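Sequence positions in the sequence shown follow mature numbering (1 follows the signal peptide of the UniProt record, and there is no 0) and run -24 to -1, 1 to 670. Glycine included, each C-beta is placed from N, C-alpha and C at the ideal position. Since we're looking at a predicted model, the values are computed, not measured. First comes the structure, then the notes that go with it.
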Amino acid sequence: MPVSRRRFLLAAVVPMLTVGASGALSIATGRQTSAEATQTDRPGRGPALPASTTSGTVVQIVAHPDDDLFFMNPDLSRSLAAGLPLTTVYLTSGEADGRNEAHGGEARDPEQPADRARYAEARQNGIRSAYAQMATGDRTSAWTRTVIPTAGGGQAELDVLTARPRVHLVWLQLREARSPAGDNPDSLRGLWNGRIPALGAQLTTGTPVRQSFAYTKDQVVESIAGILERYRPTTIRMQDPTPNRYADTGKFTDHQDHMYGARFVQAGTAAYAERVTDRPRFTVQNYLGYHNGTLPHALDPQTAETKIGFLKTYAWQDRTDYCGSPSGCGDRKVAGSPTGRNWAQSLRYARADTTSWLVEGTPGRLWAFAALDGRMALWSRDPAGTWTGPALLPGTGIDPGAGTARLPDGRVAVLATRTTLGPRPADYRREVVYAVQSAPDGPFGPWQSLGTPEPGDEPGTSAISAPAAVADARGLLTVYLRDTRRTLRARVQQPSGAFGDWEQLGGEDLQSDPVTLTDAAGRRHVYATTTKSVIAWTQPSPGAPLTGPHPTALPATTVPLSAARDGAGVRLYFRRPDSGVVRTALVTAGPGAPQVTGLGESGGRAGYGAVAAAGRVLTGRADTGAVATAALGGPPAWTESRMLYAGAPAAVLGPAGTTTTAVLGLDALLHTATTRPAAPPATWHPAVAPAAPS
């Protein structure tokens, strides 16, 4: 059945969210599930909460065999090591030119014709070997291969790892574009843009699927939605649907199949969220692709070496015939360069890598925000320490990642980007949206759109950053955004409440989402990382025009950046390339260029992704992938938890030096830890008691 226009259009009206005077969250129906019941993070108040551990169900959907190994690892191997149910879906067969040979390392046999079905089978063999090695330590561990019907009317191959039957691989076996950027209508890109009515299959020689098929655009979307309905994930991993273009050539910075495959996943996820109501909530994690190769390495050498080892298994580098397949036991194209084009030494999230999604509103009340089910979820903690939530703001299409701003009267604004899908290619667009409380501790108003500085999707592929915002003394917002030209833009709210046009603030080569805050004197700071350093914009005095961009002379980072007030200035936190160690520097604004002092290491050896800092507590992802804390100025090692999580951590400093830190687990639940001065590291636990199994 074709997907309806309303299923594509992510602007649905849903029941209004309200927050009463007591701060309790509710939805217009007044009903509350057990997962949304009130709970506390203070000892002695209510039932004890269990310690947080890794839980949930993960579904990864990628365009080609090896996209998961290059761009989603080590998150993938960490999830397998944790024993999670994990399914990876491959949209295409990845048949390329049909020649299974290492570039630059093997002489081409002119008598050997190209065979796309056999090369695609070799890639399947390599993926099964790599997953078996990650999950069991034995690349020859057996698989059971069967055929399942798809909701799109075709068939898919399902492979189940016999020794770990919760590890599944699903092969849709559609044709790939056979070129990263070439204009081939017979591709996911051509299907998405309406240049072909249907995209055919490329079956492998060894697949149990015997009957060929072709899918329309709607049928691909339905097939993805059907797989999600089959597995009911709490975490969905996908590639980047808006990867940008190179300024000099106009070519995509990522493979066209990665980009348009991810857009199909967006549409399938939206259809699943709308149609299936008796399911767990889910979060989405987007991963950066080819652009990783132009950025400093994000992983420490040991983690990168382990990741590359799995790629060598996939590449069948030792040429040992252990699989018994005439097509080969792996992808020899990768054997010549198992790091790809500088991809294997990094993992980066394309969205949801900012740390401003936890904020204090009125004194003692905290608000946390995250995208669940394509909607903005919020949790609230009252001054007594009791969390409630999640409740969902009206409106769909909300992208992963949230930012916040606190107004002078204690009201909170939440910001995000929103993706709109429609039946026409031109209907695809991203825009900045925000919602503000009508009163302190009161309900949030409707989403309001700030649009985008980009005129359309195709020229820049909607590659805007997440927004960052700050309020002035009058409660008027300024919103900052990195545009697709990788410069800084801003929209300023006027006393009437309306916003002016997008202003150009300059800079170049901006890579991170911008971060903004005011220092103790009321001077505004804005920062963004480049491939080589950090750029700053500052106010020389409160209320003065923002000046910049100013060079900071700081060293290269792994891109994610966070900031916190520190004395008279702002302290930046970022990771050192090829290490993951957390670095920090103090920036002080003044009448001229800002002064940067005190560059040094602040604890937390290795790891990747953004870090959050509040008080003396630093929180981030350790090299094991688990959420971990370190004391600023204390031992350099992380104190690790037992929990993997999605996105970035966030932290708030409370009275008497107490720090509250939050993460979103792979179970799509909010988890928190409260650390008191001079006390041992806090235990992580769900903010709200998980729902009992039905």
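| Check | Outcome |
| --- | --- |
| Pick from Val664, Thr659, Ala667, Ala665 that is closest to Ala27, judged by C-alpha positions | Thr659 |
| Proximity below 8 Å, CB of Pro366 to CB of Gly623 | no |
| DSSP-derived helix/strand/coil call for Trp168 | helix |
| Burial state of residue 696, where buried means 16 or more other Cβ atoms lie within 10 Å | Only positions -24 to 670 of the chain appear in the structure, and residue 696 is not among them; the question remains open. |
| Reference Ala663, options Thr650, Ala654, Pro531, Pro656, closest by Cα | Thr650 |
| Per DSSP, the bridge partner or partners of residue 673 | Residue 673 is absent from the structure shown; the chain starts at -24 and stops at 670. |
| Spatial neighbours of Gln515 in its chain, beta-carbon cut-off 6 Å, leaving aside the 5 residues before and after | Arg499, Arg500, Leu522 |
| Straight-line Cα distance separating Val196 from Leu56 | 27 Å |
| Pairwise C-alpha distance: Met619 and Ala588 | 16 Å |
| Validate contact between the region 486 to 493 and the region 471 to 478 using beta carbons, cut 8 Å, 3 pairs | no |
| Pairwise C-alpha distance: Gly568 and Val143 | 57 Å |
| Alpha-carbon spacing of Glu484 relative to Val572, whole angstroms | 20 Å |
| Between the CA atoms of Val34 and Pro429 - distance to the nearest angstrom | 35 Å |
| Among Ala328, Gly451, Gly418, the one whose alpha carbon lies nearest that of Ile440 | Ala328 |
| Gln487, DSSP secondary structure in three states | coil |
| Among Ala243, His661, Ser199, Leu264, nearest to Asp216 - alpha-carbon criterion | Leu264 |
| Touch test, the region 334 to 346 against the region 95 to 115, Cβ-Cβ under 8 Å, three pairs minimum | no |
| Ala127 versus Asp194 - alpha carbon distance | 10 Å |
| Cα-Cα separation, Phe189 to Gly130 | 6 Å |
| Chain-order list of residues whose beta-carbon lies under 7 Å from that of Tyr222 (same chain, five-residue window excluded) | Thr229 |
| Where Asn101 sits in the DSSP three-state scheme | helix |
| Spatial neighbours of Ala157 in its chain, beta-carbon cut-off 7 Å, leaving aside the 5 residues before and after | Lys227, Phe228, Gln232 |
| Rounded separation between Pro419 and Gly59 - CA only | 40 Å |
| Top-ranked residue by Cα proximity to residue 690, from Thr245, Arg387, Ile284 | Any question about residue 690 goes unanswered here, given that the chain covers just -24 to 670. |
| Limits of the unbroken beta strand (DSSP E) element including Glu479 | 479 to 482 |
| Pairwise C-alpha distance: Ala320 and Ile212 | 21 Å |
| Residues that DSSP places opposite Asp542 in a beta bridge | Gly545 |
| For Asp349: DSSP bridge partner residues | In DSSP, Asp349 forms no bridge with anything. |
| Cβ pair Arg551, Thr533 closer than 8 Å | yes |
| Leu148 beta carbon less than 8 Å from that of Ala108 | no |
| Collapsed DSSP secondary structure at Asn318 in the structure displayed | coil |
| Buried versus exposed, by CB contacts within 10 Å (16 or more), Lys508 | exposed |
| Close-in-space but distant-in-sequence residues of the same chain around Glu407 (CB under 6 Å, 5 per side omitted) | Arg394, Ser425, Gly427, Thr428 |
| For Arg7, three-class secondary structure by DSSP | Only weak support is given to the placement of Arg7: the predicted model assigns it a pLDDT of 29, under 50, and the value that follows is read from those uncertain coordinates. Looking at Arg7 - three-state DSSP - the assignment turns out to be coil, as it is neither helix nor strand. |
| Within-8 Å CB hit, Ala415 to chain D | Absent here is chain D; the protein component of the structure consists of one chain. |
| For Phe475, the residue or residues it bridges with in DSSP | Gln469 |
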